[in-house]
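Q:
Residue numbers (our numbering): 2 to 199.
Next up, the structure:
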């Protein structure tokens, strides 16, 4: 059901683009790593000391080759360090964004496209403690970032980006012993993936 909604939103996003943008659409499955930021005491040190891999995908399109939109979805398993064996705290981000990127070398064939982006979307945090206690929270959040896409041919290349993600409102998950403060949930993510241009 959720996957169907995501696919529907992706389709509507692409359909809303001008026809010239559809000719320069892209899809990027990626892997990445979350780092830094502030996720609430006393978890900050533990989270920063862990390697938190993220997986996800980005779909978007560039209208006129310079301006565009994209939707970035990522999943991080064990985003928070488990206090006991069997615990899990995962993170899902769902971030539409506006993109500004200049195609150096044109929109066909080999070339590079440096870009910057800004957007706002949803961050969902889940805590499962030994399958007995489950706490979830959805937050509105914003993202700022940039990177570069490099193309080897008309339809394939690589992409790397770094983005910063931060929530808008007071954290109120309410886990005992965890101090979530106003707007403090934030982190950065670096990612790399293969670009399929269509």
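C-beta atoms are modelled at their ideal positions from N, C-alpha and C, and glycine is treated no differently.
(1) For residue 147 versus residue 164, is the C-beta spacing smaller than 9 Å?
(2) Could you have a look at residue 79 and say whether DSSP puts it in helix, strand or coil?
(3) Could you check which residue in 62, 169, 142, 37 has the C-alpha nearest to that of residue 93?
(4) Contact between the region 73-81 and the region 99-106: three or more CB pairs below 8 Å?
(5) Can you name, in chain order, every residue of its own chain whose Cβ lies under 6 Å from the Cβ of residue 33, other than the five neighbours on each side?
(6) Using a Cβ-Cβ cut-off of 8 Å (strictly less than) and excluding sequence neighbours within five positions of residue 105, which residues of its own chain qualify?
(7) Could you give the DSSP three-state label for residue 198: helix, strand or coil?
(8) Nearest-angstrom Cα distance between residue 22 and residue 65?
(9) Kindly indicate which three-state DSSP category residue 187 falls into: helix, strand or coil?
(10) Tell me the rounded alpha-carbon separation between residue 62 and residue 136.
(11) Would you mind working out which of 125, 153, 31, 37 sits nearest residue 188, comparing C-alpha positions?
(12) To the nearest angstrom, how far is it from the Cα of residue 149 to the Cα of residue 194?
(13) Output the boundary residues of the beta strand (DSSP E) element that contains residue 62.
(14) Is residue 28 near residue 169, with beta carbons less than 9 Å apart?
(15) Using CA atoms only, rank isn't needed, just tell me which of 91, 196, 53 is closest to residue 126.
(16) Opposite residue 112 in the DSSP bridges: which residues?
A: In short:
(1) yes
(2) coil
(3) 142
(4) no
(5) 55, 190, 191, 192
(6) 112, 113, 114, 115
(7) strand
(8) Confidence at residue 22 is low in this model, with a pLDDT of 39, below 50, so its placement is unreliable and the value that follows should be read with caution. Roughly 6 Å between the two C-alpha positions.
(9) strand
(10) 36 Å
(11) 37
(12) 11 Å
(13) 53-64
(14) no
(15) 91
(16) 152
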